[in-house]
Every structure is written in structure tokens, then in C-alpha cells.
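**Student:**
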Amino acid sequence: MAVTWDPGGDEASKAERYDAWFDTPWGRYAWALESDLVGERLGPGADRLVLDVGCGTGQSAAVARALGARVVGLDPDPSMLAAARRHRRVDAPVLAVGERLPFRDRAVDATIAVTVLEFVDDPAAVIAEMARVTRSPGTVVVGVLNPRSAWGLWHRRELRGPPWTDARFLTGAALTRLAAPHGTVTVDETLHAPGMLPGLARWGPGAERMARRARVPGAFRVVTIER
Ligand SMILES: C[S@@+](CC[C@H](N)C(=O)[O-])C[C@H]1O[C@@H](n2cnc3c(N)ncnc32)[C@H](O)[C@@H]1O
1 MAVTWDPGGD
11 EASKAERYDA
21 WFDTPWGRYA
31 WALESDLVGE
41 RLGPGADRLV
51 LDVGCGTGQS
61 AAVARALGAR
71 VVGLDPDPSM
81 LAAARRHRRV
91 DAPVLAVGER
101 LPFRDRAVDA
111 TIAVTVLEFV
121 DDPAAVIAEM
131 ARVTRSPGTV
141 VVGVLNPRSA
151 WGLWHRRELR
161 GPPWTDARFL
171 TGAALTRLAA
181 PHGTVTVDET
191 LHAPGMLPGL
201 ARWGPGAERM
211 ARRARVPGAF
221 RVVTIER
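Note that this note's numbering has the sequence shown beginning at 1, numbered continuously upward.
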């Protein structure tokens, strides 16, 4: 199984370089919106068991933990998983791929995968596996990047280089087709700004709310499956 997520550079500092993005002005702005939407779709509910597929350094797992869930973090990259454990963002780390989840059917209350389907060999298999291990009622939340957005257009050159070289960007329609056999599907989008602009932290949130209501394409798309 090829693990295609690779930000370049040496293996030792990969997790640190990944986490550094979250401390940039754009990273703070974008992640606030992305994590809000993931949390909103995951919904409240303390003591739920959540599986984070492709947890990386645990940034998405931390969203579920903030809602009171216990989180199993799964990733095929040992250095990313080690960082998730070191930062105590996951309760239990599991080294595996999303296409073959080492869990029995209906083992967890919810599953999430944030910016992961872009890098897997078989997105359909990952979604099917996430649905299989999620109880009914339960929730599957998949977050992906949308290059057909203001952000995608502004960054189209960067999106051809690492870590995006081998990335696959699924359209909303393609994702809905993969998700539909597994439950009731909704699609939401956020992050409408093209990138860090002067004063964005101040006026951005209001503009985001208006753009979301007007259904302007956002850079971050979340597909939710209610089981
Ligand atoms: C961009 S990171 C996202 C990490 C985390 N979900 C977040 O939101 O910060 C993508 C992660 O997907 C993982 N990954 C790559 N191929 C995978 C696969 N087949 N199954 C599960 N995870 C995979 C990578 O190792 C990497 O940690």
C-alpha cells in the first residue's frame, strides 16, 4: 500500500512541519472554520467512541476529543502517529490503512477522516470501511479539499507540487456517489476566502457566513453519512 502523503524533507521532522501550518495566520484561520464544521457535523455527545482514519498528528482527533469523545487514531505513518500520541491528541493509536480497518462491524459510534481521501489508493474502500465499523445510529464525517474554490484557484500552482503531487481531489458529486449506499448523505462547505488577506481575521467570519448561505463553493467540503 503506497502512502502518498509526503510534504517533502526528512522523515524525522515531518510531523513538526505538518503541525507548523496550523500556527500560521492562514492555518489558524482555515483550521478554525474547518474544525468548526467537522465538530458541527460530528455533533455533541460525550463518551462516544470515535475512530479518526488518517489521524496524522491528531489535529482532527483533537476536535472529537474536545466534544468529549474517546478517540482511536489510525494512520499508516508511524512518525505522524507517534506525534499524535506524544501530543495526547488520541486515546489509542493504531497503525493501519483506511482501506482495511482492523475493527469488527459497528465497533464505534462515529468515524471521521479529514483531508485523507486525497491521499489514499481507494477512497471507495475507505468510505465503505468507515461505514462498516460505525454503529447505526452513528455518523461518518469525511472532510476533503475542494480545488474548485477561490482558494484552489489562487493556489493552483502550489497544488501541483508536494504534498499534492499525487493527490486526488474528488468532486462533491463523486463523493456523494461513494457515500450514498451507506446512509443519508449531506454535503456542507466552508472556507470561502482565497488565502490570507489583510484584515481577514476581522471581516472573514461574517463574509464566510454569507458565502455559506449563498452556497458559494468553499475550499473545505464535508460529507456526512448518517447511519
Ligand atoms: C493531510 S494528513 C491529515 C491528518 C489529519 N486528519 C488532520 O486533519 O490533520 C493525511 C494523513 O493521511 C494518512 N494516510 C495516507 N494514506 C492513508 C491510508 N491509506 N489510510 C489512512 N490514512 C492514510 C497520512 O499518513 C497522513 O497522516
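Even for Gly, the Cβ is constructed at its ideal location relative to N, Cα and C.
Out of curiosity, what's the CA-to-CA distance linking P217 and W164?
**Tutor:** Straight-line Cα distance between these residues: approximately 20 Å.
**Student:** May I ask you to report which of helix, strand or coil DSSP gives T184?
**Tutor:** Correct three-state label for T184: strand.
**Student:** Considering only residues of the same chain and omitting the five flanking positions on each side of R229, which have a CB-CB separation below 6 Å?
**Tutor:** Residue 229 is absent from the model: the chain starts at 1 and stops at 227.
**Student:** Helix, strand or coil: how does DSSP classify V133 here?
**Tutor:** In this structure, V133 counts as helix in the three-state DSSP scheme.
**Student:** How would you call D166, buried or exposed, if buried means at least 16 neighbouring beta carbons within 10 angstroms?
**Tutor:** It is exposed - the Cβ of D166 has fewer than 16 other Cβ atoms within 10 Å.
**Student:** Flag this pair as yes or no: are the beta carbons of A124 and L178 separated by less than 7 Å?
**Tutor:** Contact: yes.
**Student:** Under the assumption that R168 contacts E118 (Cβ atoms under 8 Å), give the Cβ distance between them as a whole number of angstroms.
**Tutor:** So it is a contact: roughly 6 Å between Cβ atoms.
**Student:** Which one or two residues does DSSP pair with D75 in a beta bridge?
**Tutor:** Answer is L95.
**Student:** Taking the straight line between their C-alpha atoms, what separation do you get for G27 and D109?
**Tutor:** Rounded to the nearest angstrom, the two C-alpha atoms are 29 Å apart.
**Student:** From which residue to which residue does the beta strand (DSSP E) around A110 run?
**Tutor:** Run containing A110: V108 to V114, per the beta strand (DSSP E) assignment.
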